[in-house]
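If you're matching positions, the sequence shown starts at 506 in my numbering and goes up one per residue.
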Amino acid sequence: MTIDTKTLTELKEALLTEKAELESNLGRIAKPTDGEYVTTFDEVGNDREDNATEVEEYTDNLPVEQALEKKLHEVNAALARMENGTYGFCDNCKQEIAIERLQANPSAQTCIKC
506 MTIDTKTLTE LKEALLTEKA ELESNLGRIA KPTDGEYVTT FDEVGNDRED NATEVEEYTD
566 NLPVEQALEK KLHEVNAALA RMENGTYGFC DNCKQEIAIE RLQANPSAQT CIKC
């Protein structure tokens, strides 16, 4: 089963939409640096309460930034696989990934078995 052109176009559009959303969300909490993102540490004041707020926001944002960046890497990898013709094949066993899985998660890198 090969992915038809219409479905591939729909999956690519979904990936591009997700990429834009991820980049927008990352831009709210982090700054792009050399292709990566770094969580911002806003300085809002010098007293203890302000410093505590800054640290709390930073520690809250750091895992969110890491999760968003990981997902962005997955989306970019899927788009690259589309370009080089390996999209839709499992990275582990090289078998085709079920279309239903790709429709549910267009950036899937592995089949259900793997």
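Glycine included, every Cβ here is placed at the ideal spot set by N, Cα and C. Computed from a predicted structure; not experimentally measured.
According to the Cβ coordinates, are residue i and residue j closer than 9 Å?
i	j	result
M587	L516	yes
G607	K524	Note that residue 607 is Leu in the sequence shown, not Gly. For L607 and K524, no; Cβs fall outside 9 Å.
E574	L531	yes
I604	C595	no
A583	S612	yes
List the endpoints of the continuous beta strand (DSSP E) containing residue i.
i	result
K536	535-538
Under DSSP, the alpha helix (DSSP H) around residue i begins and ends at which residues?
i	result
E605	604-609
Quick one: measure Cβ to Cβ for residue i and residue j, integer angstroms, because I've assumed they're closer than 8 Å.
i	j	result
I534	E561	Not really, about 13 Å apart at Cβ, beyond 8 Å.
G590	I508	Actually they do not touch by this definition, with Cβ atoms about 11 Å apart.
Please name the residue or residues paired with residue i in a DSSP beta bridge.
i	result
E588	DSSP, once it has assigned bridges, lists no residue as partnering E588.
E574	None; E574 has no bridge partner.
E601	F594
If you reduce the DSSP assignment to three classes, tell me which class residue i lands in.
i	result
K618	coil
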